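Protein chains in written order, with the working numbering: chain A, 72 to 445; chain B, -9 to 162.
If you want it as structure tokens, here you go:
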């Protein structure tokens, strides 16, 4: 392939821009995490570095780089270094298939605002997310520390458990679209036909699983401070720790983007036809890219909001919710969706499905659960 | 029969359906945090902003002057006697003719020192003073010392400046 072709250059530039956006957002997520935490606790938060403390991520990065880069004597040195690198790598790779926008034409060259439009886009996301657990697992194992290993094992079993429910939630989406390509899924949702209206139950399942996959509260058991000191990154310091933390924030942003892609119409926004007619296609597409990033950031806010609201689950509760709660629920969701498509009324089927579920739970509750003796 | 009927018997039975679904409680909790997200922070940024500590806060000592600008202290030593930490020491002197503008009475304190490392800011000197000369001001705290030379406050730091007189809330 000609390395200097327009196509290649455009792709390289686009990937560079996406990386820059992702890394910038991840850096500022640390700042906004602290700010949001502060506001929710009636505090002010970091405000010393620059106006409103907006230079705080810079100061944190300098601190991270200046700290001693310590490698424990009995650790497996290469794996110890590979762990955070792998976490970071997999976190960044996920963004390749997220469609940030439709095609634009600049200077006679037409290109996609998407890294690669593979026909197995969603499977790619799943594959990379599953690989992500290796970063944690390798880091925890290489540390040669009981707490790190326990955290790593927790991370592994938690991610595997919640991937099942997540996959089943996506199957319902795939029934709609008939394609694994993320681009096709977004195009199927244009003009306000967002999947969230047809899949409220599936979205809740996916959201909960996303929390678990990102190791965020209430499912942050791998780094549970009260039990495991720091979990898998107990032995890490300096920028290697920074990479782990950074990867978590990148994962949050990317999972927000994936949720926006799957359930909230991707780069679709109200009034897209009006903008296209007024300002031309390119502007409309870039506004769409902004809309997608805005939706993703909204999810990042929800991630932080939940973190500062809910306490951590116990490990058996986590496993119980995953295996006994979410997997049957997502199977039910698949059946309801399939039935809705069969009768040709997916919207009604989604609503009726939720209502029937709640009714069923109420009846089951009345019949089989012991009541409080008042 | 209980003494008062206010005892509440808490019984933990099975969780209700809504409790087992977690979601209603989660939504309720998130509403609470969102409410706080938009409420005003209670933080006071300390070195820049200071909380008002009330008109009777006992801060740094001040030797008051009267309206004409004459020092009120007569070096009677009652404050030094009252001081439980023995932080106050003074040397008395007789007023010379022509110094009536400077000192109110015939006797005055030539040296008046408060050792801020000994002082416990109890305010007994203020209570003991018959001339209303020494006060612990409510608006200024004794700053942190960097060396022991700064610990003993003499008249240069204690006597009230006429261009920035000290007024406590409730006076006049």
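Even for Gly, the Cβ is constructed at its ideal location relative to N, Cα and C. Since we're looking at a predicted model, the values are computed, not measured.
For residue i versus residue j, is the C-beta spacing smaller than 9 Å?
i: residue 104 of chain A; j: residue 375 of chain A; result: yes
i: residue 299 of chain A; j: residue 383 of chain A; result: no
i: residue 255 of chain A; j: residue 408 of chain A; result: no
i: residue 274 of chain A; j: residue 282 of chain A; result: no
i: residue 339 of chain A; j: residue 359 of chain A; result: yes
i: residue 301 of chain A; j: residue 132 of chain A; result: no
i: residue 354 of chain A; j: residue 239 of chain A; result: no
i: residue 100 of chain A; j: residue 323 of chain A; result: yes
i: residue 102 of chain B; j: residue 53 of chain B; result: yes
i: residue 119 of chain B; j: residue 75 of chain B; result: no
i: residue 82 of chain B; j: residue 97 of chain B; result: yes
i: residue 292 of chain A; j: residue 304 of chain A; result: no
i: residue 116 of chain B; j: residue 62 of chain B; result: no
i: residue 93 of chain A; j: residue 168 of chain A; result: no
i: residue 96 of chain A; j: residue 371 of chain A; result: yes
i: residue 108 of chain B; j: residue 127 of chain B; result: no
i: residue 175 of chain A; j: residue 357 of chain A; result: yes
i: residue 203 of chain A; j: residue 223 of chain A; result: no
Using a Cβ cut-off of 9 Å (strictly closer), state whether residue i contacts chain A.
i: residue 14 of chain B; result: no
i: residue 35 of chain B; result: yes
i: residue 45 of chain B; result: no
i: residue 30 of chain B; result: yes
i: residue 22 of chain B; result: yes
i: residue 152 of chain B; result: no
i: residue 11 of chain B; result: yes
i: residue 104 of chain B; result: no
Drop a sphere of 10 angstroms on the beta-carbon of residue i, count the other beta-carbons inside from all chains shown, and report buried for 16 or more, exposed for fewer.
i: residue 311 of chain A; result: buried
i: residue 152 of chain B; result: exposed
i: residue 35 of chain B; result: exposed
i: residue 270 of chain A; result: buried
i: residue 319 of chain A; result: buried
i: residue 89 of chain B; result: exposed
i: residue 366 of chain A; result: buried
i: residue 144 of chain B; result: exposed
i: residue 192 of chain A; result: buried
i: residue 32 of chain B; result: exposed
i: residue 418 of chain A; result: exposed
i: residue 51 of chain B; result: buried
i: residue 413 of chain A; result: exposed
i: residue 111 of chain A; result: buried
i: residue 296 of chain A; result: exposed
i: residue 122 of chain B; result: exposed
i: residue 94 of chain B; result: buried
i: residue 420 of chain A; result: buried
Check the C-beta distance from residue i over to residue j and give it rounded, since I have them as a contact under 8 Å.
i: residue 327 of chain A; j: residue 368 of chain A; result: 7 Å
i: residue 381 of chain A; j: residue 19 of chain B; result: 6 Å
i: residue 219 of chain A; j: residue 306 of chain A; result: 6 Å
i: residue 205 of chain A; j: residue 265 of chain A; result: 34 Å between Cβ atoms; not a contact.
Name the chain D residues that come within less than 7 Å of residue i, Cβ to Cβ?
i: residue 381 of chain A; result: Included in the structure are the protein chains A and B, with no chain D among them.
Could you list which residues in chain B have their beta carbon closer than 7 Å to that of residue i, in chain order?
i: residue 436 of chain A; result: 7
i: residue 433 of chain A; result: 7
Residue i touches chain B at which residues, Cβ-Cβ below 8 Å?
i: residue 112 of chain A; result: 26
i: residue 115 of chain A; result: 31, 33, 35
At a Cβ threshold of 9 Å, is residue i touching chain B?
i: residue 407 of chain A; result: no
i: residue 430 of chain A; result: no
i: residue 188 of chain A; result: no
i: residue 109 of chain A; result: yes
i: residue 267 of chain A; result: no
i: residue 224 of chain A; result: no
i: residue 344 of chain A; result: no
i: residue 131 of chain A; result: no
i: residue 339 of chain A; result: no
i: residue 276 of chain A; result: no
i: residue 387 of chain A; result: no
i: residue 118 of chain A; result: yes
Applying a beta-carbon distance threshold of less than 9 Å, which residues of chain B neighbour residue i?
i: residue 376 of chain A; result: 20, 23, 24, 27
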